[in-house]
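Taking my numbering, the leading residue of the sequence shown gets 5, the next gets one more, and so forth.
Heads up, the beta-carbon is just placed ideally off N, CA and C, and yes, glycines get one too.
Computed from a predicted structure; not experimentally measured.
Structure record follows, encoded as structure tokens.
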Amino acid sequence: MNTPDTPAADRPPLDPMMTGTSCPLDLVSIRATVRRALVERPSPPAAAEVEEITKALRGHLEVMIHRAQEQAGHLSRETLAWEHWQHLIDQTRACLSQPRERALQGTRLYMQELGRCARFLADCLDE
Numbered sequence: 005m006n007t008p009d010t011p012a013a014d015r016p017p018l019d020p021m022m023t024g025t026s027c028p029l030d031l032v033s034i035r036a037t038v039r040r041a042l043v044e045r046p047s048p049p050a051a052a053e054v055e056e057i058t059k060a061l062r063g064h065l066e067v068m069i070h071r072a073q074e075q076a077g078h079l080s081r082e083t084l085a086w087e088h089w090q091h092l093i094d095q096t097r098a099c100l101s102q103p104r105e106r107a108l109q110g111t112r113l114y115m116q117e118l119g120r121c122a123r124f125l126a127d128c129l130d131e
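Structure below.
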């Protein structure tokens, strides 16, 4: 149990969310963008909308990957939880590293791939 007399070195580290050094993720906006990317439509979205959603998802993933790295950094290496976070980080990096210049059909598929990656990562970060 921590008391005011407990030495700082013996106290567990404070969560960055508690200290104000890390902004909370806007999971509502992230999930709304994911829904726009993955919703079944009677006709394909326009190229401008695909570009807008893709750009938003890439921005969300850039923020979320840093938060996932923070989560992994608090875990002991080679544990199942650490390996889980590392897999998520690697999967997100692979998704983000794909070339963005594609044919229109390819850009729609890429938008959906980013959406699935963002949905899964958001769910994991929300636990």
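Cβ-Cβ distance between residue i and residue j below 7 Å
i      : j     : result
Thr96  : Val54 : no
Leu118 : Leu61 : yes
Ala72  : Trp89 : yes
7 Å CB neighbourhood of residue i in its chain, flanking five on each side removed
i      : result
Cys121 : Leu65, Gln95, Thr96 and Cys99
Pro48  : Arg112
Residues of its chain near residue i, where Cβ-Cβ distance is below 6 Å and the 5 sequence neighbours each way are ignored
i     : result
Thr23 : Note that Thr23 scores a pLDDT of 44, beneath 50, so its modelled location is shaky; the value from the coordinates is reported in the next line. Contacts found: none.
Ile57 : Arg40, Ala41 and Met115
Minimum Cβ-Cβ distance from residue i to chain D less than 7 Å
i      : result
Pro103 : In the displayed structure, chain D is absent; only one protein chain is listed.
Of the listed residues the options, nearest to residue i (C-alpha basis)
i     : options                 : result
Gln75 : Leu92, Lys59 and Leu61  : Leu92
Val38 : Glu82, Ala126 and Ala50 : Ala126
Sequence-distant residues of the same chain with beta carbon closer than 8 Å to residue i, five excluded per side
i      : result
Ser80  : Trp86
Arg123 : Arg35, Val38 and Leu42
Presumed contact (8 Å Cβ cut-off) between residue i and residue j, rounded CB distance
i     : j      : result
Met68 : Leu113 : Not quite, the Cβ-Cβ distance comes to about 21 Å (not below 8 Å), so this is no contact.
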